[in-house]
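J.: For the record, the sequence lines run as chains E and Y. So the first sequence is numbered by our numbering: it starts at 1 and just counts up by one. So the second sequence is numbered by our numbering: it starts at 1 and just counts up by one. Dropping the structure in here first, questions after.
Protein chains: 2
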Amino acid sequence: MLRLAVDLAILTVRNNALHVLVITRGKEPFLGSLALPGGFLRAGEDLRAAAVRELREETGLDGRDMHLEQLATYGRPDRDPRGRVVSVAYLTIAPDLPAPEAGSDAASALWVPISKAQSRLAFDHDDILRDAVERARTRLEFTTLATAFCGPTFTVGDLRKVYEVVWDQPLDPRNFSRKVLNTAGFIEATGQKRIPQLGRPAALYRRGDQQTLNPPILRSNGGPELEAISVDR
Amino acid sequence: MLRLAVDLAILTVRNNALHVLVITRGKEPFLGSLALPGGFLRAGEDLRAAAVRELREETGLDGRDMHLEQLATYGRPDRDPRGRVVSVAYLTIAPDLPAPEAGSDAASALWVPISKAQSRLAFDHDDILRDAVERARTRLEFTTLATAFCGPTFTVGDLRKVYEVVWDQPLDPRNFSRKVLNTAGFIEATGQKRIPQLGRPAALYRRGDQQTLNPPILRSNGGPELEAISVDR
DNA sequence: TGAGTTTGTGTCAATCAGACACTAATCGCT
DNA sequence: AGCGATTAGTGTCTGATTGACACAAACTCA
Numbered sequence: 001m002l003r004l005a006v007d008l009a010i011l012t013v014r015n016n017a018l019h020v021l022v023i024t025r026g027k028e029p030f031l032g033s034l035a036l037p038g039g040f041l042r043a044g045e046d047l048r049a050a051a052v053r054e055l056r057e058e059t060g061l062d063g064r065d066m067h068l069e070q071l072a073t074y075g076r077p078d079r080d081p082r083g084r085v086v087s088v089a090y091l092t093i094a095p096d097l098p099a100p101e102a103g104s105d106a107a108s109a110l111w112v113p114i115s116k117a118q119s120r121l122a123f124d125h126d127d128i129l130r131d132a133v134e135r136a137r138t139r140l141e142f143t144t145l146a147t148a149f150c151g152p153t154f155t156v157g158d159l160r161k162v163y164e165v166v167w168d169q170p171l172d173p174r175n176f177s178r179k180v181l182n183t184a185g186f187i188e189a190t191g192q193k194r195i196p197q198l199g200r201p202a203a204l205y206r207r208g209d210q211q212t213l214n215p216p217i218l219r220s221n222g223g224p225e226l227e228a229i230s231v232d233r
Numbered sequence: 001m002l003r004l005a006v007d008l009a010i011l012t013v014r015n016n017a018l019h020v021l022v023i024t025r026g027k028e029p030f031l032g033s034l035a036l037p038g039g040f041l042r043a044g045e046d047l048r049a050a051a052v053r054e055l056r057e058e059t060g061l062d063g064r065d066m067h068l069e070q071l072a073t074y075g076r077p078d079r080d081p082r083g084r085v086v087s088v089a090y091l092t093i094a095p096d097l098p099a100p101e102a103g104s105d106a107a108s109a110l111w112v113p114i115s116k117a118q119s120r121l122a123f124d125h126d127d128i129l130r131d132a133v134e135r136a137r138t139r140l141e142f143t144t145l146a147t148a149f150c151g152p153t154f155t156v157g158d159l160r161k162v163y164e165v166v167w168d169q170p171l172d173p174r175n176f177s178r179k180v181l182n183t184a185g186f187i188e189a190t191g192q193k194r195i196p197q198l199g200r201p202a203a204l205y206r207r208g209d210q211q212t213l214n215p216p217i218l219r220s221n222g223g224p225e226l227e228a229i230s231v232d233r
């Protein structure tokens, strides 16, 4: 009997590294293994609603004000030992939250650096995670999604750090600053400043109205892999 | 009871217009209406395999040498009056085929211009078609997918026509030529020429090895809609 | 032969990305 | 108070790319 699941790849930036939220499985199959949070679709439930519900149940996060987009659907016949389970994966972007693991059923949820999670996840969740990271990298090129990694206010340096961490490549602070500030609607000045531990105070900004970046901020390196361009599982 | 379907948005360029392959439904619901070809996933069948099978069954096309990529998954609870049906949509790009409607069960398959199909399709297939067209437009910007609309050999003019028709905007032939020919691995010269009805003979090319375009060929106009960036149904 | 049409090369100015010099503002330390 | 260290922000220069367009090349048809 076929069942439909929803899995979540929740990404954030912590300690200068891209992290993913994983849970330790509390039951078979893959008891004790790491996996992406997720669960089965309920009768009459919309796909996105199921994603929001799982986000709350398994992690305690509120999906209403977070970025949540459908990633791809994974349906290899043997991907779940319990039987035929097709999974619709969602990509979620979260700011670095103070208590991300707090929640009712979320005792086992924890942030793990991407590099530590890769090749250690249950089911085909390694595939999902890889596709999620590549999607996020591409989104940073063509949309203002990077601001979703930041809190309500942030500095240009914070935003640059997001790009550097997600892309895993250093960026020139001056050129980045110029590009971001010249893109109307990307970020808006708040008029306030943040005094850092060290160095000159930086102006604080908030998200702008613009969703897409035109022109885009292209990665110098490589570009998207074919794998990610033609996701098909 | 939940069932999983696979639907196909098969696009091609005919008579200087973007066309989609639709079928006339032979049974309820939506008897007699136009719809995208598709069908239910079989037990133990891979998602992509189901797409390839439906492509052959309903249209007589061979998906092995065509572009076939997963588009998105549509799961609104009320999208199918028969009950809960979640559908994984695939995008297929085909060259203008001599006998596209020939096939066993494909008597009712026909090519329809996008503009004629929009707002006339059964289920939520209008949504799928809209997303498919937007995906194709974006693919042309960042990948060499345009060659999938052409036959084994084609001229730069043919390729430009694909861009103009899919993007629905005229392009400067000289600048387009320069950009395409300066992109290594996009197209390869065959050494042959095609004598047209009118005008100077044009050199014939075939697809190159490159899959991605770096730098991309960006649409001057608009850019992708937010709708298409965050497909979520 | 000449008009018409499409292909292909070349030019030019404006724009953009990358590299980098330099100033500004704050810290801790002496 | 003064100095070095560090981060923020502005400005400059160069090379590459884009868009607009002139013009030559190759062919058909009348």
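From the three backbone atoms N, C-alpha and C, an ideal C-beta is built for every residue, glycine too.
Excluding the 5 residues flanking residue 17(Y) on each side, which residues of the same chain have their C-beta closer than 7 Å to its C-beta?
T.: 113, 165
J.: Whose C-beta lies closer than 6 Å to the C-beta of residue 30(E) among residues of the same chain, with five residues either side of it excluded?
T.: 122
J.: Of all Cβ atoms in chain Y, is any one closer than 8 Å to the Cβ of residue 70(E)?
T.: yes
J.: Across which residues does DSSP place residue 205(E) in a beta bridge pair?
T.: 154(E), 189(E)
J.: Report the rounded CA-to-CA distance for residue 21(E) versus residue 137(E), giving the unit in angstroms.
T.: Those two C-alpha atoms are separated by around 17 Å.
J.: Can you grab the Cα-Cα spacing for the pair residue 216(E) / residue 183(E), in whole Å?
T.: Looking at the two C-alpha atoms, the distance is approximately 10 Å.
J.: Within its chain, find whatever has a CB closer than 7 Å to the CB of residue 212(Y); leave out the 5 residues flanking it on each side and keep chain order.
T.: 142, 143
J.: Determine which residues share a DSSP beta bridge with residue 38(Y) and list them.
T.: Within the DSSP bridge table, the entry for residue 38(Y) names 7(Y) as partners.
J.: By Cβ distance, which residues of its chain are closer than 6 Å to residue 218(Y), with the 5 residues on each side in sequence left out?
T.: 141
J.: Return the CA-CA distance between residue 53(Y) and residue 66(Y), expressed in angstroms with no decimal places.
T.: 13 Å
J.: Give the secondary structure of residue 87(E) by DSSP, where H, G and I count as helix, E and B as strand, and everything else as coil.
T.: strand
J.: For residue 201(Y), collect the residues of the same chain with a Cβ closer than 8 Å to its Cβ; drop the 5 residues on either side in sequence, then sort them by chain order.
T.: 193, 194, 195
J.: Strictly by DSSP, which residues pair up with residue 68(E)?
T.: Beta-bridge pairing links residue 68(E) to 92(E).
J.: Cα separation between residue 174(E) and residue 205(Y)?
T.: Spanning the two alpha carbons is a distance of roughly 43 Å.
J.: For residue 55(Y), which three-state DSSP category applies?
T.: Residue 55(Y) falls in the helix class under three-state DSSP.
J.: Under the three-state reduction of DSSP, which class applies to residue 29(E): helix, strand or coil?
T.: coil
J.: Is it buried or exposed, residue 43(Y), if we count other Cβ atoms within 10 angstroms and call 16 or more buried?
T.: Flag for residue 43(Y) reads exposed.
J.: For residue 129(Y), go through chain E and note every residue whose CB falls closer than 7 Å to its CB, in chain order.
T.: None at all; the shortest Cβ gap to chain E is about 17 Å.
J.: Within this structure, are the beta carbons of residue 250(Y) and residue 149(Y) separated by less than 8 Å?
T.: Since the first residue of chain Y shown is 1 and the last is 233, residue 250(Y) is not available in this structure.
J.: Is the beta carbon of residue 124(Y) closer than 8 Å to that of residue 79(Y)?
T.: yes
J.: Taking only three categories from DSSP, how would you classify residue 145(E)?
T.: helix
J.: I need the straight-line Cα distance from residue 127(E) to residue 170(E), nearest angstrom please.
T.: In a straight line, the C-alpha of residue 127(E) is about 26 Å away from that of residue 170(E).
J.: Around the Cβ of residue 197(E), are there at least 16 other Cβ atoms within 10 angstroms (buried) or fewer (exposed)?
T.: Counting every other CB atom within 10 Å of its CB across the protein chains shown gives residue 197(E) a total below 16, marking it as exposed.
J.: For residue 88(E), I'd like the list of residues in its chain whose CB is within less than 6 Å of its CB, leaving aside the five on either flank, ordered along the chain.
T.: 6, 47, 73
J.: Take the Cβ of residue 4(Y) as the centre, count every other Cβ of all protein chains shown within 10 Å, and call the residue buried at 16 or more, exposed below.
T.: buried
J.: Which residue marks the beginning of the alpha helix (DSSP H) containing residue 173(Y), and which one marks its end?
T.: Following the DSSP letters along the chain, one finds residue 173(Y) inside the alpha helix (DSSP H) bounded by residues 173–182.
J.: Exposed or buried, which one is residue 58(Y) when buried takes at least 16 other CB atoms within 10 Å?
T.: It counts as buried.
J.: With distances taken between CB atoms, is the gap from residue 10(E) to residue 146(E) smaller than 8 Å?
T.: no
J.: Examine chain E for any beta-carbon lying closer than 8 Å to the beta-carbon of residue 76(Y), and answer yes or no.
T.: Answer yes: the Cβ-Cβ gap between residue 76(Y) and chain E drops below 8 Å somewhere.
J.: Mapping DSSP to helix, strand and coil, what is residue 217(E)?
T.: Coil, per DSSP.
J.: Mind checking who residue 138(Y) pairs with in its DSSP beta bridge?
T.: According to DSSP, which records beta bridges pairwise, residue 138(Y) is partnered with nothing at all.
J.: Comparing C-alpha positions only, which one of 179(Y), 51(Y), 70(Y) sits nearest to residue 62(Y)?
T.: The candidate whose alpha carbon is nearest that of residue 62(Y) is 51(Y).
J.: Taking Cβ-Cβ distances shorter than 8 Å, what residues in chain E pair up with residue 183(Y)?
T.: The contacting residues do not exist; residue 183(Y) stays about 12 Å from chain E at best.
J.: If you measure between the beta carbons of residue 131(E) and residue 55(E), is that distance less than 8 Å?
T.: no
J.: Which residue's Cα is closest to the Cα of residue 23(E): 15(E), 14(E), 39(E)?
T.: 39(E)
J.: Look at the alpha carbon of residue 19(Y) and the alpha carbon of residue 81(E), and state the distance between them as a whole number of angstroms.
T.: 42 Å
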